[in-house]
Amino acid sequence: MSVQVDVTFHPRWWHKNSNVSFNEKFFYDVDYRIEADIRMRKTLYEKFGDLGLGEEDPKPRPILGSDLIASGFLYSGILGCKVRYSDADPPEVVCANLDEESIMKLDVPNLDNCEAWSRIQVQIDRLMKDFGYINSCINLMGIQNIALDVRGMEFFIDYYTNPDLANHLLDVCTRLSVDIGKRLKKVSKHLSAGVTSIVSKTIPDVYVTSNCSVEMVSLDIYENYLLKYDNILAEEFKPFGIHHCGKSMEHVAEGYAKVKNLSFAEVGAGSDIKSVRSILGDIHLNARYSPVKLMDVSEEELKKDICKLAEDGKPLDLLSFSCVGIDESVPDRQVRNFIRICREIG
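With the numbering used here applied, the sequence shown corresponds to residues 8 to 353, in that order.
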């Protein structure tokens, strides 16, 4: 069995090579996004078609969001955060920095009467009419990620000084996530390619939550606060997966081992995958490789790195590799080397 490998490029790479703009139009104009998606898949074929990437003659697909870039902003926007868009970068969430009184008054909006969600619903209705199904690639934002966008860095202090506020905000973020997840699940068989596109090749029906910011808290904080809310998601959406792009996933792996129905975990570049494997056992692990290191790593060192990931993350039938966020500074030959070496390992 060959080991699956995937690469995801930064919007700057796409803007340079495909002339696609990732402004508001990309995320809310169905016609523009479908046209851009065709152009992007064609670019992949022109550059890496011999490696199986892209399509020579791509056809329109009912894409909601994108599985070709990484961008999480919708949930925070629904809870009141402003979002800045640009041509060559992913959307930037502007932290709302809500005070304690505002947080305690915060509740999950009725999405049927929510302007931010209505802009998504309009697209769902259009795509269902035109195609009869939807390929949802909206980024499923992690619970703490959303909370930090709403409250700001003060939220880390809230864990110690105002646990009632922390739990209230996490509860709101979780209930919103469940509501959105259920709505997307009704119209799309697969939900998580907008979090990490490797799932399309490994466990397509997994629900993956984005625990990017969990790298910033201790195991105690995870188990005493966040575990509860991850388990609410895990009980609602099966099979369940966790994306952890931090450099030391092993420091919270014992907490992740307590998440129900866990079938997939994305292990951030720099993490101790051997430790993660020993704690999480026989679930699928996706080992991330740093796009910064890929820029100028020698072929010999790259092969050494991948061989170590393979040895530490085995069994190989429960392992895959990806490199996410590759920008225009990474030479094509380095991308080719990464894909080839990962496949040779398999």
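By construction, the Cβ of each residue, glycine as well, lies at the ideal position given by its N, Cα and C atoms.
Keeping to the same chain, check which residues put their C-beta closer than 8 Å to that of residue 22; ignore five residues upstream and five downstream. Excluding positions up to five away in sequence, the list reads 28, 29, 94, 95.
How many angstroms separate the CA atom of residue 294 from the CA atom of residue 34? In this model, residue 294 and residue 34 are separated by some 28 Å (Cα to Cα).
Where residue 140 falls: helix, strand or coil (DSSP): The DSSP-derived three-state label of residue 140 is coil.
So, does the segment 309-320 touch the segment 276-285, judging by three or more C-beta pairs under 8 Å? Yes, the segment 309-320 touches the segment 276-285.
Is residue 9 buried or exposed, if buried means 16 or more other CB atoms sit within 10 Å of its CB? By the 16-neighbour rule on beta-carbons within 10 angstroms, residue 9 is exposed.
Enclosing alpha helix (DSSP H) for residue 32 [first to last residue]: Run containing residue 32: 31-35, per the alpha helix (DSSP H) assignment.
Are there 16 or more other CB atoms within 10 angstroms of the CB of residue 312, so buried, or fewer, so exposed? Under the 10 Å beta carbon count, residue 312 is surrounded by 16 or more other beta carbons and is classified as buried.
Between the segment 187-201 and the segment 136-148, do at least 3 Cβ pairs fall closer than 8 Å? Yes: at least three Cβ pairs fall under 8 Å.
Contact check, residue 301 vs residue 345, beta carbons under 8 Å: Here residue 301 is near residue 345, since their CB atoms are less than 8 Å apart.
How about residue 153 and residue 83: are their beta carbons less than 8 Å apart? Between residue 153 and residue 83, the CB-CB gap stays under 8 Å.
Just the Cα atoms here: how many angstroms apart are residue 119 and residue 285? Between residue 119 and residue 285, the alpha-carbon positions lie close to 44 Å from each other.
Which whole-angstrom value describes the C-beta separation of residue 15 and residue 77, a residue pair presumed to lie in contact below a C-beta threshold of 8 Å? Contact annotation, residue 15 with residue 77: C-beta distance approximately 6 Å; criterion of less than 8 Å satisfied.
According to DSSP, is residue 236 helix, strand or coil? Residue state, collapsed to three classes: helix.
Could you check what DSSP says for residue 264 in three-state terms: helix, strand or coil? Annotated three-state conformation of residue 264 is coil, per DSSP.
Would residue 349 be called buried (16 or more neighbouring beta carbons within 10 Å of its own) or exposed? Buried.
Within 8 Å, do at least three Cβ pairs link the segment 109-118 to the segment 39-47? Counting Cβ pairs under 8 Å, fewer than three are found: no touch.
Could you please give the first and the last residue of the uninterrupted alpha helix (DSSP H) stretch that includes residue 350? That run of the alpha helix (DSSP H) goes 339-352.
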